[in-house]
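To start, the structure under review is shown below, and the notes come after it.
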Amino acid sequence: MLDIQKIRADFPILKREVNGKPLVYFDNAATSQKPQRVIDKIVDYYSMYNANIHRGVHALSQEATDLFEASREKVRAFFNIPQAKQVIITSGNTHSINAVASGAHVFVKKDDEVIVSAVEHHSNIVPWQMLCERVGATLKVIPVLDSGELDMKAYKELLNEKTAFVVVNHVSNALGVTNPVEEIIKGAHEHGAMTLIDGAQSCGHMKLDMQALDADFYTMSGHKMCGPTGIGILYGKEEALNALPPYQGGGEMIDQVTFEHTTYAGLPHKFEAGTPNIAGGIALGAAVDYLNELGMDNIAAYEHELLIYATEQLKEIEGLKIYGDVANKAAVISFNVTTLHPYDIGTIVDKLGIAVRTGHHCAQPVMERYSIPGTVRASFAFYNTKEEIDIMVQALQRAVSMLS
Amino acid sequence: MASIQDIQNEIVEEFAMFDDWMDRYEYMIDLGKSVPVIDEQYKTDDNIIKGCQSKVWVHADLKEDKVEFSADSDAIITKGIIAILIRAWSGQKPADIIAADTAFIDQIGLKEHLSPTRANGLVSMIKQLKMYAIAYQSQLS
Chain V
1 MLDIQKIRAD
11 FPILKREVNG
21 KPLVYFDNAA
31 TSQKPQRVID
41 KIVDYYSMYN
51 ANIHRGVHAL
61 SQEATDLFEA
71 SREKVRAFFN
81 IPQAKQVIIT
91 SGNTHSINAV
101 ASGAHVFVKK
111 DDEVIVSAVE
121 HHSNIVPWQM
131 LCERVGATLK
141 VIPVLDSGEL
151 DMKAYKELLN
161 EKTAFVVVNH
171 VSNALGVTNP
181 VEEIIKGAHE
191 HGAMTLIDGA
201 QSCGHMKLDM
211 QALDADFYTM
221 SGHKMCGPTG
231 IGILYGKEEA
241 LNALPPYQGG
251 GEMIDQVTFE
261 HTTYAGLPHK
271 FEAGTPNIAG
281 GIALGAAVDY
291 LNELGMDNIA
301 AYEHELLIYA
311 TEQLKEIEGL
321 KIYGDVANKA
331 AVISFNVTTL
341 HPYDIGTIVD
351 KLGIAVRTGH
361 HCAQPVMERY
371 SIPGTVRASF
381 AFYNTKEEID
391 IMVQALQRAV
401 SMLS
Chain W
1 MASIQDIQNE
11 IVEEFAMFDD
21 WMDRYEYMID
31 LGKSVPVIDE
41 QYKTDDNIIK
51 GCQSKVWVHA
61 DLKEDKVEFS
71 ADSDAIITKG
81 IIAILIRAWS
91 GQKPADIIAA
101 DTAFIDQIGL
111 KEHLSPTRAN
121 GLVSMIKQLK
131 MYAIAYQSQL
141 S
């Protein structure tokens, strides 16, 4: 059992007011808030041991390097990744996806097929479109059912000997639906295809085990799991990372450089050209420690409780329709009320101190699927409460009466 | 016809009657319902201003030496702001529209809606209204 009031005290931002009302932060799918100890780590780094890492012989550089590498190890353990060198520190989830897609011509050849799903956000569509254009491959799309679940029958029909790469998100950011990634990965592997799972929406909300999941690549966002912005993770199987060419050239990623030829460094440095976000990397380690102390199973159970409660309460509002109202989903609720524009609803509830996301959630194809301009999306984290959900429901009722 | 400045002052005075934001918003939403809705034939992709969040359509006609605007939006709050702008600027001479500013929107407490980062299409719409005025001005001279 989590002590939510004690947890809330760890997050300084939850004490502030917005438009004269206590903040109700329900935009966790966009970014999570940060506990004080993560914020402190950033300040500590710049105050106490700011130095470039992996290159200095002096004490500061060694201390900073040790802390940065300790974070890598924490991330490794957190996601049950076999070796620390399979944890690539990136600038974010989008960077992680691009790092793979930009080198994926080694896996995807002309006339091959790359499969994505109809519920991807733009970050997990565009890099693969660019790849397909570059190599002359075709992008195929797993359709989504009215329920918000992927059409797995159609997926199986899409798989064939030309399938070279399958790319899906673990949890859809626009609908919150958890996709059957184990089955998707298994299907892809049976056809000899590589897999990348976008874990932006899963990484801070459920227990993830990279070895059990068996994806070739998996991407995570630091700022969506209580870490700072500008930090992300790319996990890959060792042989997959070895086969993938580096994304960027520069310092740190080399073994030997001459003007005739350069040999690359080994993992993980091959993918970490230049000075990384050192402060962000160290603070991410603090975020992992924090989540570990709370326990990912406790977090997942409590967030599910919030989801169930919010779903029940929201359904009391006349004309409210939830998109992706299925059993297996994260604590994300995407909805509209009658034909009211989500922008109007978001504007009014913001005036009442409530932060929800409105719009297409950077997933325009999903909105087109349902022929809507967008949705209102409330997404919860373990520091949210049922009382806050009640406040949101009241605010929505006010918004609806103003706008109708 | 009253000048743009007079109409803008009048709008500021009307909004000053309301003490809290909810009443201001309700009034703005009511005004949105009164905006001269754009003729369906002009509600085309050419006349669309895409905000990330809400869409806006604008059309302008020159009637003698005055510009008449009509517009629409799929979001009612956006439409309310459009209504306020059109009330002040429509039926005015191109030169006056070109010279007009939007400070009165700040004065009525709706400044946040004109933020370029809000992505509701309003900032681009204002630019578009001015572009129409500039185009008709050159037609007249």
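Residue numbers (my numbering), protein chains in the order written: chain V, 1 to 404; chain W, 1 to 141.
By construction, the Cβ of each residue, glycine as well, lies at the ideal position given by its N, Cα and C atoms.
Values in this document were obtained by computation on a predicted structure and should not be read as measured data.
Can you list, in chain order, the residues of its chain whose CB lies under 7 Å from that of residue i, leaving out five sequence neighbours each side?
i	result
His-54(V)	Thr-65 and Glu-252
Trp-89(W)	Ile-4, Phe-69, Ile-97, Ala-100 and Leu-129
Ala-283(V)	Val-38, Lys-41, Ile-42, Gly-227 and Pro-228
Leu-167(W)	Outside the displayed range of chain W (1 to 141) lies residue 167(W), so it cannot be described from this structure.
Taking the beta carbon of residue i as the centre, do at least 16 other beta carbons fall within 10 Å, making it buried, or is it exposed?
i	result
Asp-418(V)	An answer regarding residue 418(V) cannot be provided, because it is not within the stretch 1 to 404 covered by chain V.
Leu-140(W)	exposed
Arg-134(V)	exposed
Asn-292(V)	exposed
Ser-404(V)	exposed
Val-37(W)	exposed
Asp-198(V)	buried
Gly-92(V)	buried
Gly-20(V)	exposed
At 7 Å on the CB atoms, spell out the chain W contacts of residue i, in chain order.
i	result
Pro-373(V)	Asp-74
Leu-403(V)	Ile-29 and Ile-76
Run through chain W and tell me which residues come within less than 8 Å of residue i, C-beta to C-beta.
i	result
Asp-44(V)	Result: empty, since nearest Cβ-Cβ is about 32 Å, beyond 8 Å.
For chain W, is any of its Cβ atoms less than 7 Å away from the one on residue i?
i	result
Tyr-343(V)	yes
By DSSP, does residue i sit in helix, in strand, or in coil?
i	result
Gln-62(V)	helix
Gly-236(V)	strand
Arg-55(V)	coil
Lys-130(W)	helix
Ser-71(V)	helix
Phe-26(V)	coil
Asp-40(V)	helix
Ala-193(V)	coil
Asp-255(V)	strand
Ala-103(W)	helix
Leu-150(V)	strand
Val-114(V)	strand
Thr-229(V)	coil
Asn-169(V)	strand
Glu-260(V)	coil
Tyr-370(V)	coil
Gln-33(V)	coil
Ser-3(W)	coil
Leu-62(W)	strand
Gln-248(V)	coil
Ser-90(W)	coil
Asp-283(V)	First, the residue type needs correcting, since residue 283(V) is Ala and not Asp in the sequence shown. If DSSP states are grouped into helix, strand and coil, Ala-283(V) belongs with the helices.
Asn-384(V)	coil
Val-108(V)	coil
Ala-215(V)	coil
Phe-335(V)	strand
Phe-15(W)	helix
Gly-103(V)	helix
I want to verify the contact list: residues of chain V whose CB lies under 7 Å from the CB of residue i, in sequence order.
i	result
Trp-21(W)	Lys-351
Leaving out the 5 sequence neighbours to the left and right, which residues in its chain are closer than 8 Å to residue i when beta-carbon positions are compared?
i	result
Phe-26(V)	Ile-354, Ala-355, Val-356, Ala-378, Ser-379, Phe-380, Asn-384, Glu-388 and Met-392
Ile-11(W)	Ile-84, Arg-87, Ala-88, Phe-104 and Ile-108
Glu-161(V)	His-191 and Gly-192
Ala-118(V)	Val-141, Ile-142, Pro-143, Val-144, Leu-150, Pro-365, Val-366 and Arg-369
Ile-49(W)	Lys-55, Val-56, Trp-57, Val-58, Gly-121, Ser-124, Met-125 and Gln-128
Just the chain W side, please: which residues come within less than 9 Å of residue i by C-beta, in chain order?
i	result
Ile-348(V)	Met-22, Tyr-25 and Ile-77
Excluding sequence positions up to five away, which residues of its chain have a Cβ less than 6 Å from the Cβ of residue i?
i	result
Arg-76(V)	Ala-84 and Val-87
Gly-222(V)	Ile-231, Gly-232 and Leu-284
His-360(V)	Met-367 and Gly-374
Lys-237(V)	Asp-216
Ala-137(V)	Val-108, Asp-112 and Val-114
Val-18(V)	Gly-353
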